[in-house]
Amino acid sequence: MKTVRAVSGAFLALLAVASQAGAAVQLPAFFSDHMVLQTGRPVPVWGKADPNEKVTVGIGGQTKTAEAGPDGKWSVALDPLPPGGPLTLTVQGGDARARTIQDVLVGEVWLCSGQSNMALSVNKAKNFATEQPAATWPKIRTLQNNKWVECSPETVGSFSAAAYFFGREIHQKTGGLPVGLLNVSSGGTPIELWTSQEAQQAVPELKPILVSSTGEAPAASAEEVKQAESDRKQAVEVEGKKAAAAQKVVPGALFKARILPLAPYAIRGVIWYQGEANSYTVHANLYGIQLATMITDWRRLWGYDFAFISVQLPDIGAPQTEPVQTHGRVLVREGVLQSLSLPNTGMAVTIGTGEEKSNHPVNKQEVGRRLAQWALATVYQQKGVAGSGPLPESNRVVDGKVIVTFSHTDGGLVAQGGELKGFAIAGADLKWVWGKAVIAGDTVIVSSPEVKAPVAVRYAWAINPAGSNLCNGAGLPATPFRTDHEPLANAFRQ
Numbered sequence: 037m038k039t040v041r042a043v044s045g046a047f048l049a050l051l052a053v054a055s056q057a058g059a060a061v062q063l064p065a066f067f068s069d070h071m072v073l074q075t076g077r078p079v080p081v082w083g084k085a086d087p088n089e090k091v092t093v094g095i096g097g098q099t100k101t102a103e104a105g106p107d108g109k110w111s112v113a114l115d116p117l118p119p120g121g122p123l124t125l126t127v128q129g130g131d132a133r134a135r136t137i138q139d140v141l142v143g144e145v146w147l148c149s150g151q152s153n154m155a156l157s158v159n160k161a162k163n164f165a166t167e168q169p170a171a172t173w174p175k176i177r178t179l180q181n182n183k184w185v186e187c188s189p190e191t192v193g194s195f196s197a198a199a200y201f202f203g204r205e206i207h208q209k210t211g212g213l214p215v216g217l218l219n220v221s222s223g224g225t226p227i228e229l230w231t232s233q234e235a236q237q238a239v240p241e242l243k244p245i246l247v248s249s250t251g252e253a254p255a256a257s258a259e260e261v262k263q264a265e266s267d268r269k270q271a272v273e274v275e276g277k278k279a280a281a282a283q284k285v286v287p288g289a290l291f292k293a294r295i296l297p298l299a300p301y302a303i304r305g306v307i308w309y310q311g312e313a314n315s316y317t318v319h320a321n322l323y324g325i326q327l328a329t330m331i332t333d334w335r336r337l338w339g340y341d342f343a344f345i346s347v348q349l350p351d352i353g354a355p356q357t358e359p360v361q362t363h364g365r366v367l368v369r370e371g372v373l374q375s376l377s378l379p380n381t382g383m384a385v386t387i388g389t390g391e392e393k394s395n396h397p398v399n400k401q402e403v404g405r406r407l408a409q410w411a412l413a414t415v416y417q418q419k420g421v422a423g424s425g426p427l428p429e430s431n432r433v434v435d436g437k438v439i440v441t442f443s444h445t446d447g448g449l450v451a452q453g454g455e456l457k458g459f460a461i462a463g464a465d466l467k468w469v470w471g472k473a474v475i476a477g478d479t480v481i482v483s484s485p486e487v488k489a490p491v492a493v494r495y496a497w498a499i500n501p502a503g504s505n506l507c508n509g510a511g512l513p514a515t516p517f518r519t520d521h522e523p524l525a526n527a528f529r530q
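Mapped onto my numbering, the consecutive letters of the sequence shown carry residue numbers 37 to 530.
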């Protein structure tokens with residue numbers, strides 16, 4: 037009996053503690069020590085409490101109050117905070133119970149999402165032995181597994197490499213502003229998992245991709261699986277098999293599991309590195325519509341048009357020999373370019389950073405730098421920073437030549453390494469041949485004696501457009517593009 041009384045007493049004590057803990061004001065797990073809050077815009081704080089309980093939130097000399105609804109949910113919006121810290125965030129219930137969050141910094145918060153190339157960690161990136169000891173950046177922090185981690189030589193290895201090198205560039209080039217990186221990525225995942233099903237259902241063009249009424253997604257075609265297996269045997273680390281497996285997951289699943297819980301955490305913007313999985317599907321030509329749908333969907337969820345910067349997939353596979361090679365990877369690149377029609381969107385062209393036999397190139401330093409270039413030039417409006425490589429603005433045919441005009445020339449168009457290469461030209465029959473291309477101011481003039489009446493050109497139109505060398509004066513490469521509007525399917529290889 038003595039033992040029973042002791043156990044009963046311990047059980048009652050635990051029950052009392054659990055009761056107190058359950059009744060305390062609750063916050064999402066990512067409201068925790070070492071967190072980074074966005075500067076310069078209202079900061080939502082939300083959670084749960086007892087129904088109709090008064091909740092007070094305080095930080096940096098300001099307080100906001102709210103009353104929990106019948107379901108216990110409450111939220112406040114803090115006034116914009118100046119950059120700095122550390123601060124203490126307190127969340128207090130109506131009966132003096134409080135949550136205290138220490139070492140809160142205020143700076144720039146970026147959501148970092150995508151598939152395995154965003155997930156790839158610093159310890160797997162280029163020059164980790166050199167990067168690790170230099171990684172003492174306590175004002176750069178990442179959220180991973182709902183825990184905020186300060187950057188140090190001991191922790192940097194687990195950071196997303198693309199996100200870390202982007203964040204480090206932002207931190208260094210903005211005078212040491214704190215940077216928070218919300219790492220939400222998952223390898224092998226197609227874009228349809230990251231967009232709400234409702235948003236996709238509202239776009240007729242995406243109907244072939246969506247789940248059927250039975251709840252089953254369309255399986256990968258025999259052609260897709262065969263191609264992915266062929267590439268695997270060639271030692272090219274494609275994500276075709278992962279993509280085929282992911283297609284059996286309901287579209288919108290990762291939106292619900294990873295994105296929805298974060299909203300409306302205040303952010304400056306998103307960096308997005310994804311598309312490999314979609315490039316090995318028959319719907320690669322729809323990627324531009326898919327990306328625009330996702331961007332619009334996320335912005336609707338947050339309630340404002342935050343900055344969105346996408347990585348355009350790098351080169352992979354054998355160097356290009358034919359004038360054009362319409363593989364799904366090329367179509368996904370085109371889709372990213374098309375997304376620039378949305379406001380406040382940018383793109384990091386990563387041609388030249390890839391590896392012939394790996395779908396996970398290790399030079400994430402340059403990926404992060406190119407992402408940061410657009411943010412520094414556009415979001416942070418820093419003068420003298422080139423935010424993008426050359427982008428095609430218009431084209432016209434004059435005297436048997438196609439003249440393409442570019443924006444973002446920043447110091448003038450340049451053919452790196454000598455003669456300008458990478459341009460193909462065709463007539464109405466769309467039989468492509470290599471063209472002779474010359475730079476004239478902010479234009480490139482393309483011609484060929486084989487094409488007397490040209491109608492279109494394509495540039496760097498291949499999985500690995502080796503030799504394509506058009507850049508701007510800042511050294512940033514031009515995007516792959518085409519001037520024709522011919523409907524294209526994923527031919528995998530020509």
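The beta carbon of each residue, even a glycine, is placed where N, CA and C say it ideally should be.
Per DSSP, cross-strand counterpart(s) of V469: I461
Distance between F164 and Q401 (C-alpha atoms, nearest Å): 11 Å
Between I95 and the rest of its own chain, which residues show a CB-CB distance below 6 Å, the 5 nearest in sequence each way excluded? L123, L125
If the criterion is Cβ atoms closer than 7 Å, does the pair L456 and A473 meet it? yes
Give a yes or no on whether the C-beta atoms belonging to V368 and Y323 are separated by under 7 Å. yes
By the three-class DSSP mapping on this structure, what secondary structure does V368 have? helix
Checking 7 Å against the spacing of the C-beta atoms, do V145 and A197 come in under that value? Going by C-beta atoms, V145 is not nearer than 7 Å to A197.
Just reading off the alpha helix (DSSP H) that A383 is part of, what are its end residues? Going by the sequence as given, residue 383 is Met instead of Ala. It is not in any alpha helix (DSSP H) - M383 instead sits in the beta strand (DSSP E) that spans 381-385.
Counting only the same chain and skipping the five closest in sequence on each side, list residues whose C-beta sits under 8 Å from that of W338. A299, P300, I303
Opposing strand residues paired with A113 [DSSP bridges]: Looking at the DSSP output, A113 bridges to P80.
Beta-carbon proximity check, T479 vs T441, cutoff 7 Å: yes
C-beta contact flag for V93 and V127 at 7 Å: Yes, the Cβ-Cβ distance between V93 and V127 is below 7 Å.
Do G390 and I352 have their C-beta atoms within less than 7 Å of each other? yes
Member of Y316, H319, S232, M383 whose CA lies at the smallest distance from the CA of A289: S232
Under the three-state reduction of DSSP, which class applies to Q233: helix, strand or coil? helix
Reference M446, options G371, D86, N526, P513, closest by Cα: Reading off the sequence shown, one finds Asp at residue 446, where the question assumed Met. With distances taken between CA atoms, D446 lies nearest to P513 out of G371, D86, N526, P513.
Find out if the Cβ-Cβ distance for the pair A413, V421 is shorter than 7 Å. yes
Around the C-beta of S377, are 16 or more other C-beta atoms found within 10 angstroms, so that it is buried, or is it exposed? Exposed.
Neighbour-count burial assignment, N321, 16 or more Cβ in a 10 Å radius: Classified as buried, N321 has 16 or more neighbouring CB atoms from the shown chains inside 10 Å of its CB.
By how many angstroms is the C-alpha of K183 removed from the C-alpha of V415? 27 Å
Alpha carbon to alpha carbon, how far is H396 from G471? Give it in angstroms, no decimals. 32 Å
The stretch 324-334 / the stretch 358-365 touching (three or more Cβ pairs under 8 Å): no
With 16 as the cutoff for other CB atoms within 10 Å, does N560 come out buried or exposed? Given a span of 37 to 530 for the chain in the structure shown, any question on residue 560 remains unanswerable.
If the criterion is Cβ atoms closer than 7 Å, does the pair I227 and N153 meet it? no
So which of L147, K488, W308, K419 has the shortest CA-CA distance to D435? K488
Within the same chain, show all residues whose beta-carbon is closer than 6 Å to that of Q418, passing over the 5 residues directly before and after it, in chain order. L412
Output the boundary residues of the beta strand (DSSP E) element that contains W308. Where W308 is concerned, the enclosing beta strand (DSSP E) stretches over 305-309.
Contact defined as beta carbons within less than 8 Å: I believe V482 pairs with V493. What is the distance between those atoms, to the nearest angstrom? 5 Å
Per the DSSP calculation, K488 is bridged to which residue(s)? Beta-bridge pairing links K488 to no other residue.
Taking CB distances under 7 Å as the criterion, tell me whether P106 reaches chain B. Any reference to chain B falls outside this structure, which holds one protein chain only.
Y200 versus Q237, F291, A155, residue with shortest Cα-Cα distance: A155
Return yes when the Cβ of Q151 is within less than 7 Å of the Cβ of Q310, no when it is not. yes
Under the rule that 16 or more other beta-carbon atoms within 10 Å means buried, what is P359, buried or exposed? buried
For W532, the nearest candidate out of F517, L141, P119, F344 (CA to CA): The structure shown does not extend to residue 532, since the chain is modelled only from 37 through 530, so no value can be given for it.
A52 burial status per 10 Å Cβ neighbour count (16 or more: buried): Low per-residue confidence applies at A52: pLDDT is 34, beneath 50, and the placement is therefore not dependable, though the value from the model is reported in the following sentence. Flag for A52 reads exposed.
Quick one: Cα of S266 to Cα of E392, how far? Its pLDDT being 47, under 50, S266 is placed unreliably in this model, and the coordinates cannot settle the point.
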